[in-house]
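Written out below as structure tokens is the structure these notes cover.
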Amino acid sequence: MPKFNFFPHVNFLAYIKKISIRYNPCGTYNDNCRKLIHLIENKQKKDKFLNLDYKLELIELENENYKDEPLIEIEMQNSKVFKFNPENYDLMEIQRVIDNEQQQLHHNFMKNNLLENNEDSFRL
């Protein structure tokens, strides 16, 4: 019997409109930001998610204190914004937080783009 995948895993970058990453490369949390940057900069991902807009901002130490807080800001296609501090969240935790919104957007997309809804889909 064939296996069916009725609820496929949604890609981390799916249904995301914009990502802003603000971090210090010398910080202890920079591994989370580097993984996210690598994920965005991957050629296959760039080709797949053409409308993804991202901004990278490097922050510096000023007088032994951070001038700005490190931040990962994710804006979904429905304009809902999530903000994460990379010191406290890794990519898996960020995925868990935005997963519900991604699944809802995916559900709406699938509902609106069914073949049955298109009149020309069954014509010969």
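Residue 22 is where the sequence shown starts when you use the numbering used here, and the numbers rise one by one after that.
C-beta atoms are modelled at their ideal positions from N, C-alpha and C, and glycine is treated no differently.
Keep in mind it's a predicted model, so treat the numbers as computed, not measured.
DSSP-derived helix/strand/coil call for Leu145: The predicted model places Leu145 with a pLDDT of 49, which falls under 50 and marks its position as unreliable; any figure quoted below should be read in that light. In this structure, Leu145 counts as coil in the three-state DSSP scheme.
Which residues in the same chain have their Cβ closer than 7 Å to the Cβ of Gly48, if we skip the five residues on either side of it in sequence? Once the five neighbours on either side are set aside, the close Cβ partners of Gly48 are Pro91.
Tell me the DSSP secondary structure of Ser41 in three-state form. Of the three classes helix, strand and coil, the one that applies to Ser41 here is strand, per DSSP.
Quick check on Pro23: buried or exposed, where buried means 16 or more other Cβ atoms within 10 Å of its Cβ? Looking at its Cβ environment, which holds fewer than 16 other Cβ atoms inside 10 Å, Pro23 is exposed.
How is Glu94 classed by DSSP in three states: helix, strand or coil? Correct three-state label for Glu94: strand.
Would you list the residues sitting across from Phe103 in a DSSP beta bridge? Beta bridge pairing from DSSP links Phe103 with Ile95.
Count the other CB atoms within 10 Å of the CB of Gln123; is the residue buried (16 or more) or exposed (fewer)? So Gln123 counts as buried.
Whole-angstrom distance between Lys132 and Tyr110, CA atom to CA atom: Straight-line Cα distance between these residues: approximately 32 Å.
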